[in-house]
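Q: Just so it is clear: in the sequence shown, position 53 is 753 by our numbering, and no numbers are missing.
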Amino acid sequence: MKIQRDNSKEMKLRIEGNSIRLRLRKSEVSKLASTGRVAGETRIPGGNFHYALELHPDISDLTAKRTAGGITLLLPETQGKSWAENQQVGFEAAMALEDNESLHLLVEKDFVCLDRDPALQEDQYPNPKSL
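1) Could you spell out where the beta strand (DSSP E) holding Val807 opens and where it closes?
2) Considering Ser760, what are the terminal residues of the alpha helix (DSSP H) in which it resides?
3) Three Cβ pairs or more, each shorter than 8 Å: is that satisfied between the stretch 741 to 759 and the stretch 792 to 800?
4) Could you tell me which uninterrupted alpha helix (DSSP H) segments, each at least 4 residues in length, are contained entirely in the stretch 726 to 801, listed from first to last along the chain?
5) With distances taken between CB atoms, is the gap from Ala784 to Val729 smaller than 8 Å?
6) Can you find the residues in the same chain that come closer than 6 Å, C-beta to C-beta, to Leu755, ignoring five residues on each side of it along the sequence?
7) Do you know offhand how far Ile703's Cα is from Val738's?
8) Which residues does DSSP list as the beta-bridge partners of Glu716?
9) Take Arg721 and list the residues in its own chain whose beta-carbon comes closer than 6 Å to its own, dropping the five residues that flank it on each side.
10) In whole angstroms, give me the CA-to-CA distance for Lys726 and Asp810.
11) Please list, in chain order, all residues of the same chain as His750 whose beta carbon is under 6 Å from its beta carbon, the five residues on each side excluded.
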């Protein structure tokens, strides 16, 4: 069986324990600022897993909510609108959970990987380590 890697241009999602991280390319950060939402999905037999980042006018910190088919992270609208135009790398927050636990949330700009072909990474931000 040949495994084919999907090279789609959707934001990267990483879930590890009580931690969720999204990495957005330049075009996704621009889309977020202009439309207020970016989304992706992972195809799974029986129902796809959807994930999104949305701007919200009535919150003051990064937060998350469960949806019927996945998860949506919410970012304060004022922060998200200006993100494409500034040097801020990302946003981080800890959401309180039951039993004194927390959910770690991280949304970042996606930097060029130094050990991969730069021509394949035109939509990523320059890596600070290469400057």
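The C-beta atom is built at its ideal place from N, Cα and C for all residues, glycine as well. Fair warning: this is a prediction, and the values are worked out from it, not measured in the lab.
A: Per the coordinate set shown:
1) Taking the first residue of the sequence shown as 1, we reach residue 807 at position 107. That run of the beta strand (DSSP E) goes Ser802 to Lys809.
2) For this step, residue 760 is matched to residue 60 along the sequence shown. For Ser760, no alpha helix (DSSP H) encloses it, and the DSSP letter there is neither H nor E.
3) No, the stretch 741 to 759 does not touch the stretch 792 to 800.
4) Runs of alpha helix (DSSP H) with 4 or more residues, each lying fully within the stretch 726 to 801, are found at 726 to 735 and 777 to 783, listed in chain order.
5) For the purposes of this step, residue 784 is taken as the residue at position 84 of the sequence shown. For the purposes of this step, residue 729 is taken as the residue at position 29 of the sequence shown. Yes, they are a contact pair.
6) Numbered from its first residue, the sequence shown carries residue 755 at position 55. Taken in chain order, the residues that qualify are Gly736, Leu775, Glu777 and Gly780.
7) Stepping through the sequence shown from its first residue, residue 703 is reached at position 3. Stepping through the sequence shown from its first residue, residue 738 is reached at position 38. A caution first: Ile703 carries a pLDDT of 48, below 50, which makes its placement in the model unreliable, though a value can still be read off. Spanning the two alpha carbons is a distance of roughly 27 Å.
8) If you number the sequence shown from 1, residue 716 lands on position 16. Per DSSP, Ser719.
9) Along the sequence shown, read from residue 1 onward, the residue named residue 721 stands at position 21. Only Arg714 and Leu806 meet the Cβ criterion.
10) Position 26 of the sequence shown, counted from the start, is the residue given in the question as residue 726. Position 110 of the sequence shown, counted from the start, is the residue given in the question as residue 810. One C-alpha to the other measures close to 8 Å.
11) Taking the sequence shown and counting its residues from 1, one reaches residue 750 at position 50. For His750, where only same-chain residues beyond five positions count, the Cβ hits under 6 Å are Glu741, Gly769 and Gly770.
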